[in-house]
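Structure record follows, encoded as structure tokens.
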Amino acid sequence: MLSYLVQRLFLMLVTLFGISLVIFALLRIVPGNIVDVLFDAAGFVDPAEKIKIEKDLGLDQPIVVQYATWIGGLLRGDLGFSYVSEKPALAEILPRIPITARLAGLALLFAVSLGVPLGVVSAVKQNTRLDYFLRVVSLAGLSLPAFWLGLLILMASVALFGTIPIYNAAPKSMWDSFVMYAVPAAAVGLRSSALIMRLTRSSMLEVLRQDYIRTARSKGASERSINYSHALKNAILPIVTIIGVEAAFLIGGLIVTETVFNIPGVARFLVEAIRWRDYPIVQNLVMFIAVVVVVVNFVVDLLYAALDPRIKLGA
Amino acid sequence: MKQLEIDAELKKAGAHAKGRFGELRFLARRYLLGTIGLVIMIMFILTALFAEWIAPFDPLTVNAKQALAAPGALHWLGADSFGRDVFSRIVYGTRISMAVGIGSMLLGSSLGVVIGLTSGYLGGWVDLVFQRLVDILQALPLLVLALVMAAALGPSLQNTILAIAIPLVPTVARVIRANTLTLRELPFVEAAKAAGMSETRIALRHVLPNTLAPLIVLATAQFGSAILTEASLSFLGLGIPEPHPSWGRMLSESAAEYVRTAPWLVIFPGLAISLIVFGTNLLGDALRDILDPRQRT
Numbered sequence: 126m127l128s129y130l131v132q133r134l135f136l137m138l139v140t141l142f143g144i145s146l147v148i149f150a151l152l153r154i155v156p157g158n159i160v161d162v163l164f165d166a167a168g169f170v171d172p173a174e175k176i177k178i179e180k181d182l183g184l185d186q187p188i189v190v191q192y193a194t195w196i197g198g199l200l201r202g203d204l205g206f207s208y209v210s211e212k213p214a215l216a217e218i219l220p221r222i223p224i225t226a227r228l229a230g231l232a233l234l235f236a237v238s239l240g241v242p243l244g245v246v247s248a249v250k251q252n253t254r255l256d257y258f259l260r261v262v263s264l265a266g267l268s269l270p271a272f273w274l275g276l277l278i279l280m281a282s283v284a285l286f287g288t289i290p291i292y293n294a295a296p297k298s299m300w301d302s303f304v305m306y307a308v309p310a311a312a313v314g315l316r317s318s319a320l321i322m323r324l325t326r327s328s329m330l331e332v333l334r335q336d337y338i339r340t341a342r343s344k345g346a347s348e349r350s351i352n353y354s355h356a357l358k359n360a361i362l363p364i365v366t367i368i369g370v371e372a373a374f375l376i377g378g379l380i381v382t383e384t385v386f387n388i389p390g391v392a393r394f395l396v397e398a399i400r401w402r403d404y405p406i407v408q409n410l411v412m413f414i415a416v417v418v419v420v421v422n423f424v425v426d427l428l429y430a431a432l433d434p435r436i437k438l439g440a
Numbered sequence: 008m009k010q011l012e013i014d015a016e017l018k019k020a021g022a023h024a025k026g027r028f029g030e031l032r033f034l035a036r037r038y039l040l041g042t043i044g045l046v047i048m049i050m051f052i053l054t055a056l057f058a059e060w061i062a063p064f065d066p067l068t069v070n071a072k073q074a075l076a077a078p079g080a081l082h083w084l085g086a087d088s089f090g091r092d093v094f095s096r097i098v099y100g101t102r103i104s105m106a107v108g109i110g111s112m113l114l115g116s117s118l119g120v121v122i123g124l125t126s127g128y129l130g131g132w133v134d135l136v137f138q139r140l141v142d143i144l145q146a147l148p149l150l151v152l153a154l155v156m157a158a159a160l161g162p163s164l165q166n167t168i169l170a171i172a173i174p175l176v177p178t179v180a181r182v183i184r185a186n187t188l189t190l191r192e193l194p195f196v197e198a199a200k201a202a203g204m205s206e207t208r209i210a211l212r213h214v215l216p217n218t219l220a221p222l223i224v225l226a227t228a229q230f231g232s233a234i235l236t237e238a239s240l241s242f243l244g245l246g247i248p249e250p251h252p253s254w255g256r257m258l259s260e261s262a263a264e265y266v267r268t269a270p271w272l273v274i275f276p277g278l279a280i281s282l283i284v285f286g287t288n289l290l291g292d293a294l295r296d297i298l299d300p301r302q303r304t
């Protein structure tokens, strides 16, 4: 067990190191740096000024030195300065994280509380009209682009209430703040719920075929008790594993949804930073996302082993 | 392989289908949703091929008089802020989505197959290195990696295809590797070895064809994800550049503003994206049922 943990932690570090190299290299082959973008916007170029700014930002140094500076700073908790706002990158990123975390949490909650029950119903009523209907609806849900779903919700809100829900940094009441997050969270969560529903369905069907279900039925257990206490308890395990996949899936949805609803979270910030060639923000944010994904997957693996005694880690 | 599966299906259902046509009709009835998906896909392929004949207007011609015209007899699905016909732009946009879907799927799957097959068949340090590479690519969400790559490469059709293809590689590589590991131990591979066949020949002629079923299922799913990702990239302004009529791009042109004033600019391009991905998903589900009986539900 301990050797497994050490091995996993080591592999995680190797992966994160690899990601840092990939991201750093990718950002360095971008045509034009922040200085070009700024000067393009200003409309004139003074070469001496340009060289001075590049020197200030450390862009004139060899690429290896730039990389070492970044990683060295990262290990000390110094993420450098945003090129655009000139504030410390950490101060730019940190306040945006809770906004996105709240949105992601609500979206996940929405996805699980809609996806799991519907998946169970679909499996129990396999090959009925209801099952057919739910399967088609879930496939349709997976086919909608997340940003379009957001736009449709905006459109519906214009039609129903005459206004668009606007993000407000200081909501008046708890209820206002809940609505403000709940609507975009539903837009993100709907797609995820379709994914969870499909997985719950196939996992339930797998379990319902097992011998112990037949045993339960033959000893006279009610259908209700079979479905919920015998089957779902065992079917839920694979659903736990998908939370890792889900984390990656959610981030994609959050990026476009925060853009549509104009929510100042980290996901939208990443897109803005990419547009501005704001390297310190982009490379740190991407690293942050990678750390989240890698850690979530690690925790899910541990959780899976803890929940299912048949699984031995490192075996 | 396919013939065999169809025969098995026919026997199982006890159908007395006669001739090729009878078999097709049987399959269409057995996999009704898959057939609907196939019809949707064929429709989009034909639209892409014959865009010139289908579109009533040129997708790029600006006409200030018709700016933001509502759907009607002249512009069936309305016109955008430059007076360009929305229906014609959607018709031509099919080409972009098809190009990205097919291009990214082919590139991503081929790279994935090469990595998965070498990794699984050779094992050892090659496997170790390739697996770390796959881990690295998989730790970043599809859209995040595609965003950074698209920004790094610059906006163009080829770069968008590349930016989407690379994040698709790890899934294929994983599945092919796992399959290869199982196949490598089977008696027919041993027999081929005993018969003195070269390793490369065994890998390509005996192992690869046996991984085809899961590969086809995966590739269908990737076609859909590629189209969705292109739409997201273009929506965020980092995919296909103006003036090309990419569906995602059509939605990005201050869509939030048109939600109030010109809803047709928001509804129709989104419908096109959803419909093509829906068709892919329906077809993919049926293909999985037919080709991969272990996953049949």
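Residue numbers (our numbering), protein chains in the order written: chain A, 126 to 440; chain B, 8 to 304.
For every residue, glycine included, the Cβ atom is placed at its ideal position computed from N, Cα and C.
These figures come from a predicted structure and were not determined experimentally.
Fewer than three beta-carbon pairs drawn from the segment 408 to 422 of chain A and the segment 329 to 344 of chain A are found closer than 8 Å, and the two stretches are therefore not classed as touching. The DSSP-derived three-state label of Ala-62/B is coil. Ala-269/B and Gly-79/B have their alpha carbons spaced roughly 13 Å apart.
Interface annotation for the segment 145 to 166 of chain B against chain A: Ala-146, Leu-147, Pro-148, Leu-149, Leu-150, Val-151, Leu-154, Val-155, Met-156, Ala-158, Ala-159 and Gly-161, criterion Cβ-Cβ distance under 7 Å. By the neighbour-count criterion, in which 16 or more other beta carbons inside 10 Å mark a residue as buried, Ile-144/A falls on the buried side. Contact between the segment 268 to 280 of chain A and the segment 312 to 319 of chain A is present, with at least three C-beta pairs closer than 8 Å.
Leu-141/A and Asp-142/B have their C-alpha atoms some 9 Å from each other. Contact annotation: Gly-390/A and Ile-196/A have beta-carbon atoms that are not nearer than 9 Å. Just so you know, the alpha carbons of Val-214/B and Thr-187/B end up roughly 7 Å apart.
A direct Cα-Cα distance of roughly 24 Å separates Trp-83/B from Ser-241/B. Listed along chain A are Phe-272 and Val-381, each with a C-beta nearer than 7 Å to that of Phe-242/B.
Here Pro-213/A is bridged, per DSSP, to Phe-206/A. For Ile-414/A, the C-beta contacts it makes with chain B under 8 Å involve Leu-147, Pro-148 and Val-151, in order along the chain.
Residues of the segment 140 to 152 of chain A with a Cβ closer than 8 Å to any Cβ of chain B, in chain order: Thr-140, Leu-141, Gly-143, Ile-144, Val-147, Ile-148, Leu-151 and Leu-152. Partner residues in the beta bridge of Asp-92/B, as assigned by DSSP, are Ala-86/B. Counting along the chain, Gln-335/A sits inside no alpha helix (DSSP H), nor does DSSP assign it H or E at all. When C-beta distances to chain A are compared with 7 Å, the residues of the segment 259 to 285 of chain B below that value are Ala-262, Ala-263, Val-266, Arg-267, Pro-270, Val-273, Gly-277, Ile-280, Ser-281, Val-284 and Phe-285, in chain order. Between the alpha carbons of Trp-271/B and Arg-208/B lies a distance of about 56 Å. Taken through DSSP and simplified to helix, strand or coil, Thr-167/B comes out as helix.
Cβ-Cβ distances below 6 Å link Val-209/A to Trp-401 and Asp-403 in the same chain, with the five nearest sequence neighbours on each side left out; the list follows chain order. The C-alpha of Thr-189/B lies about 13 Å from the C-alpha of Gly-123/B. DSSP places Asp-181/A in the helix class (H, G or I) of the three-state scheme. Chain-order list of chain A residues neighbouring Ile-297/B: empty, with the shortest C-beta distance near 16 Å, by a criterion of under 9 Å.
Using a Cβ-Cβ cut-off of 9 Å, Ile-61/B does not count as an interface residue toward chain A, since no Cβ of chain A sits closer than that to its own. Scanning its chain for C-beta atoms nearer than 8 Å, with the 5 sequence neighbours on each side dropped, one finds around Ala-86/B the residues Asn-70, Gln-73, Ala-74, Leu-75, Ala-76, Asp-92 and Val-93, in chain order. Among the residues of chain B, those whose CB is under 9 Å from the CB of Met-280/A are Val-266, Arg-267, Pro-270, Val-273 and Ile-274, following chain order.
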